[in-house]
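Engineer: Residue numbers (the numbering used here): 22 to 321.
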Ligand SMILES: Cc1cc2nc3c(=O)[nH]c(=O)nc-3n(C[C@H](O)[C@H](O)[C@H](O)COP(=O)(O)OP(=O)(O)OC[C@H]3O[C@@H](n4cnc5c(N)ncnc54)[C@H](O)[C@@H]3O)c2cc1C
């Protein structure tokens with residue numbers, strides 16, 4: 022295991038994100054993706070957390086298994102939505118006892134209340150409060166989320182969104198971004214953070230499109246602009262999954278290349294528990310199994 026801040030210091034890093042599966046079939050898909058991506062020797066991998074604790078055990082078990090049984094370093098995501106301070110403390114101290122070093126501290130989205138049920142009580146509202154708690158409970162390396170195209174709840178108040186992001190990142194070690202499709206929003210956000218004297222590494226999150234309607238839904242939820250030209254190209258082949266993936270990989274490869282040329286501190290791939298698209302992008306970028314291509318490129 023390694024601290025992600027240390028990896029970033031000698032970076033660039035490359036990393037993969039997974040989510041806890043719900044079914045046995047989905048579990049097999051995750052196992053296959055892990056086995057196929059491990060040979061790429063990622064700097065680290067991360068496992069998402071269901072806000073409100075819906076994946077509390079599963080996130081923990083997958084993170085523990087990756088750290089125990091594979092050569093990869095796993096980071097646990099944790100959200101404060103739907104948790105009391107005591108519950109969060111129990112989860113974090115449990116991780117500390119097991120030697121976990123890296124936590125991505127998130128607000129999470131409050132559980133939907135369309136059924137009329139009361140959401141579970143939560144003591145914290147914002148990720149910064151969780152960052153503070155994690156820091157107070159151990160020598161963790163702490164990451165946070167960043168939204169290049171503004172957080173959906175920031176209601177268009179760009180300056181306030183950036184001020185809060187800067188304050189959050191100043192208290193953390195690094196950030197990983199929501200996905201986006203052109204470099205401009207990412208580069209602008211990094212500049213806006215630098216204007217606020219915050220230069221901690223912000224790793225761009227990359228989502229290769231493998232399913233058009235799924236990515237459109239994700240983009241809507243996360244506030245990421247889905248370019249009309251890309252949507253048009255993808256809709257034209259929407260019933261041919263191989264063609265969708267081919268275009269998704271081509272577009273993501275170009276984005277990664279542009280980001281690397283701009284000197285990003287790393288690349289974080291949203292794998293959706295599948296390995297093919299990520300492996301294809303990786304090969305297109307000419308990266309060796311040890312990430313040598315990436316390091317050589319950015320240190321040139
Ligand atoms: C890389 C990445 C990984 C993610 N992983 C998960 C996951 O595993 N599980 C999951 O459920 N979700 C995950 N999310 C989604 C995330 O939980 C949601 O985007 C959530 O809505 C916001 O989380 P945050 O940590 O960015 O929140 P915050 O940083 O708390 O910000 C949320 C909103 O509150 C505002 N705000 C912050 N502080 C204040 C303040 N003091 N006063 C007023 N307003 C304030 C911010 O400007 C923003 O609009 C992830 C997102 C990213 C980018």
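Idealized CB from N, CA, C, for every residue including glycine.
Considering residue 288, what are the terminal residues of the beta strand (DSSP E) in which it resides?
Structural biologist: Per DSSP, residue 288 belongs to the beta strand (DSSP E) from 287-291.
Engineer: Run through DSSP, which three-state label would residue 316 get?
Structural biologist: Caution is warranted here: a pLDDT of 45 is assigned to residue 316, below 50, making its placement in the model unreliable, and the coordinate value is therefore given only provisionally. Reduced to three states, the DSSP call for residue 316 is helix.
Engineer: DSSP has residue 163 in a bridge; who is on the other side?
Structural biologist: Note: residue 163 sits in a beta bridge opposite 124.
Engineer: Answer yes or no: do residue 58 and residue 296 have a C-beta to C-beta separation smaller than 8 angstroms?
Structural biologist: Going by C-beta atoms, residue 58 is nearer than 8 angstroms to residue 296.
Engineer: Does the beta-carbon of residue 177 have 16 or more other beta-carbons within 10 angstroms, so that it is buried, or is it exposed?
Structural biologist: Classification for residue 177: exposed.
Engineer: I'd like the list of long-range same chain contacts for residue 318, defined as Cβ closer than 8 angstroms, with 5 residues on each side in sequence excluded.
Structural biologist: Unreliable positioning characterises residue 318 in this predicted model, as indicated by a pLDDT of 41, which lies under 50. A coordinate reading is not provided.
Engineer: Between which two residues does the beta strand (DSSP E) containing residue 306 stretch?
Structural biologist: From DSSP, residue 306 is part of no beta strand (DSSP E); its letter is neither H nor E.
Engineer: Residues in the same chain with beta-carbon distance under 8 angstroms from residue 320, minus the five sequence neighbours each way, listed in chain order, please.
Structural biologist: Below a pLDDT of 50, predicted positions are generally treated as unreliable, and residue 320, at 38, falls in that range; the measurement from the model is reported next regardless. Excluding sequence neighbours, residue 320 sits near nothing in its chain.
Engineer: Which of helix, strand or coil does DSSP assign to residue 98?
Structural biologist: If DSSP states are grouped into helix, strand and coil, residue 98 belongs with the strands.
Engineer: Do you know how far the Cα of residue 131 is from the Cα of residue 284?
Structural biologist: Roughly 35 angstroms between the two C-alpha positions.
Engineer: Would the segment 162-170 count as touching the segment 200-216 if we require 3 or more Cβ pairs under 8 angstroms?
Structural biologist: The segment 162-170 is in contact with the segment 200-216.
Engineer: With DSSP as the reference, please indicate the residues paired to residue 34 in a beta bridge.
Structural biologist: According to DSSP, which records beta bridges pairwise, residue 34 is partnered with 287.
Engineer: First and last residue of the beta strand (DSSP E) that includes residue 115?
Structural biologist: Premise fails: residue 115 lies in the alpha helix (DSSP H), 106-119, not in any beta strand (DSSP E).
Engineer: Name, in chain order, the residues that DSSP records as bridge partners for residue 196.
Structural biologist: Paired residue(s): 165 and 223.
Engineer: Return helix, strand or coil for residue 40, following the three-state DSSP convention.
Structural biologist: Three-state result, residue 40: coil.
Engineer: Assuming contact is defined by CB atoms lying nearer than 8 angstroms, are residue 97 and residue 68 in contact in what I supplied?
Structural biologist: Closer than 8 angstroms, so yes.
Engineer: Would you tell me roughly how many angstroms separate the C-alpha atoms of residue 33 and residue 270, rounded to the nearest one?
Structural biologist: Near 21 angstroms, if we compare the C-alpha coordinates of residue 270 and residue 33.
Engineer: Whose CA, out of 116, 197 and 63, lies closest to the CA of residue 78?
Structural biologist: Among 116, 197 and 63, the Cα nearest to that of residue 78 is on 116.
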